[in-house]
Amino acid sequence: MIDSSSKDQRKLERARQKIRILEEMVENRTRELYLKNQKLEQKNEELERFAYVSSHDLQEPIRSIVGFSQLLHRKYRDQFDEEGEEFLEYITEASFRVKNLVNALLDFTRLGKERIVRQVDCNKIIQSIMENGGRKVIDENNITFTCDQLPVVRGCELELGQLFQNVIQNAIKYRKTEEDAEPFVKVRHVETEKEWMFSVEDNGIGFDEEFKDRIFIIFQRLHTRDKYQGTGIGLAMCKKITEMHGGRIWASSKPGEGSTFYFTLAKED
Ligand code: ADP
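The number in the working numbering is simply the position in the sequence shown, starting from 1, with 54 added.
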């Protein structure tokens with residue numbers, strides 16, 4: 055006859071056995087995931103390296119194409135008939151586009167390399183954007199630009215400069231151009247316990263919120279090149295930069311009414 059204590063003992067042993075099997079399964083799965091993750095990281099590094107090397111190596115031949123097509127245009131323009139001149143213009147314009155694209159791609163692939171992280175005064179970033187052409191565009195286009203007194207944050211100054219610059223530049227670029235448009239750009243911020251949140255609001259052309267995630271993917275553009283010049287890299291850069299600062303970026307918009315871009319930066323802990 056089996057007494058109840060040895061019955062309990064066997065039950066306990068079976069339960070322990072099950073736990074051991076489960077633990078082994080979890081361990082195996084974790085190891086598999088770790089290896090897969092390592093492979094993904096390696097592939098990602100290879101891709102980044104490929105993008106970096108190709109954009110870097112493309113710079114030199116592109117410089118030649120831009121330079122010589124400009125020279126051709128300057129020196130021999132008179133010898134072309136109307137159609138020839140038109141073709142030459144296409145080549146010059148296209149080579150400028152490729153140059154801008156490759157430069158932007160190179161900037162994108164350089165992100166995260168050689169970062170210097172320290173205290174950065176965001177007011178100085180805005181000041182520098184204004185001094186480097188921002189003020190001129192704002193004045194020339196009668197844009198009302200307002201900006202909060204911004205905080206000092208911990209981050210990489212170069213990257214934060216690119217972040218503010220891209221978002222503000224877009225707010226200016228995608229403005230309405232009708233006579234009575236009264237374009238504005240407002241830069242604001244709020245502070246929470248763990249992060250800084252910034253917003254850049256405009257009353258520009260806006261976009262359908264259906265595309266609010268797509269615009270942060272590299273090369274995705276919603277507006278055509280003949281109307282608005284661009285590479286489609288700016289917001290992908292902003293996303294990478296905010297993520298490197300422990301933050302995130304998102305947008306809300308309405309076609310014809312304007313857009314607001316929000317981004318956060320983690321506070322120093
Ligand atoms: P680019 O401006 O070079 O096209 P971005 O990556 O900066 O590239 O932006 C991606 C797309 O998001 C733009 O092509 C545009 O369609 C849309 N977009 C960005 N900012 C705004 C804005 N403030 N208002 C309206 N559309 C915007």
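In this text, a Cβ means the ideal position worked out from N, Cα and C, and glycines have one as well.
**Q.** Identified DSSP bridge partners for I303
**A.** Under DSSP, I303 takes part in a beta bridge, and its partners are F317.
Q: Could you check which residue in N195, D193, T231 and Q181 has the C-alpha nearest to that of L214?
A: Of the candidates N195, D193, T231 and Q181, the one whose C-alpha sits nearest the C-alpha of L214 is Q181.
Q | Straight-line Cα distance separating L165 from I272 | A | Cα to Cα, I272 sits roughly 14 Å from L165.
Q: Round the Cβ separation of G258 and R229 to the nearest angstrom and send it over; I've been treating them as touching at under 8 Å.
A: Taking 8 Å as the upper bound for CB-CB distance, G258 and R229 are in contact here, some 4 Å apart.
Q) Any heavy atom of the ligand ADP closer than 7 Å to the Cβ of D256? A) For the ligand ADP, a non-hydrogen atom lies closer than 7 Å to the CB of D256.
Q: Indicate the three-state DSSP secondary structure (helix, strand or coil) for D202 in the structure shown.
A: It is coil, neither helix nor strand.
Q.
Measuring only from the beta carbon, is R275 closer than 7 Å to any heavy atom that is part of the ligand ADP?
A. If you check the C-beta of R275 against the ligand ADP, you find a heavy atom less than 7 Å away.
Q) Just how far apart, CA to CA, sit E100 and R208? A) Roughly 30 Å between the two C-alpha positions.
Q. Across which residues does DSSP place G260 in a beta bridge pair?
A. DSSP lists no partner for G260.
Q) I think F199 touches S253, with their Cβ atoms under 8 Å apart; what is that distance to the nearest whole Å? A) Under the criterion of beta carbons closer than 8 Å, F199 and S253 do not qualify as touching, at roughly 14 Å.
Q. Quick one: complete alpha helix (DSSP H) runs, 4+ long, within the region 133-174?
A. Annotation note: the region 133-174 contains the following uninterrupted alpha helix (DSSP H) runs of length 4 or greater, listed N- to C-terminal: 136-164.
Q) Less than 7 Å between the CB of L289 and some heavy atom of the ligand ADP, yes or no? A) L289 Cβ: within cutoff of the ligand ADP.
**Q.** Backbone secondary structure at R229 - three-state DSSP
**A.** For R229, the secondary structure class from DSSP, reduced to helix, strand or coil, is coil.
Q. Straight-line CA distance for S118 to Q223?
A. Those two C-alpha atoms are separated by around 29 Å.
Q: Report whether the distance from the Cβ of F261 to the nearest heavy atom of the ligand ADP is below 7 Å.
A: Yes; taking the cut-off as 7 Å, the Cβ of F261 has a heavy atom of the ligand ADP nearer than that.
Q. At what residues does the alpha helix (DSSP H) containing K240 begin and finish?
A. According to the DSSP assignment, K240 belongs to no alpha helix (DSSP H) but to the beta strand (DSSP E) extending over F238 to E245.
Q.
Could you check whether the region 146-159 touches the region 107-122, counting it as contact only if at least three pairs of C-beta atoms, one from each stretch, sit closer than 8 Å?
A. Because the criterion of three Cβ pairs below 8 Å is met, the region 146-159 and the region 107-122 touch.
(Q) Tell me which residues share the same chain as F238 and place their Cβ nearer than 6 Å to its Cβ, disregarding the 5 neighbours each side in the sequence. (A) Sequence-distant partners of F238 (beyond 5 residues in either direction) whose C-beta falls short of 6 Å from its own C-beta, in its chain, are T198 and N257.
Q.
Quick test of your reading: A148 and K248, contact by CB under 8 Å. State the CB separation rounded to the nearest angstrom.
A. 47 Å between Cβ atoms; not a contact.
Q) At which residues does the alpha helix (DSSP H) containing G288 begin and terminate? A) Where G288 is concerned, the enclosing alpha helix (DSSP H) stretches over G288 to M298.
Q. If we ignore side chains and look at the alpha-carbon of each, how far apart do E297 and L217 end up?
A. Using only the alpha carbons, I get a separation of about 11 Å.
Q.
Run through the DSSP bridge pairs and tell me what M251 is partnered with.
A. Per DSSP, the beta-bridge partners of M251 are V244 and T318.
(Q) Could you pull the DSSP bridge partners for C210 from this structure? (A) DSSP lists V171 as partners of C210.
Q. Straight-line CA distance for R242 to S313?
A. Using only the alpha carbons, I get a separation of about 14 Å.
Q) Who does G312 pair with in a DSSP beta bridge? A) Bridge partners of G312: K308.
Q: Determine the direct distance from the alpha carbon of K65 to that of M291, and round the result to whole angstroms.
A: Between the alpha carbons of M291 and K65 lies a distance of about 58 Å.
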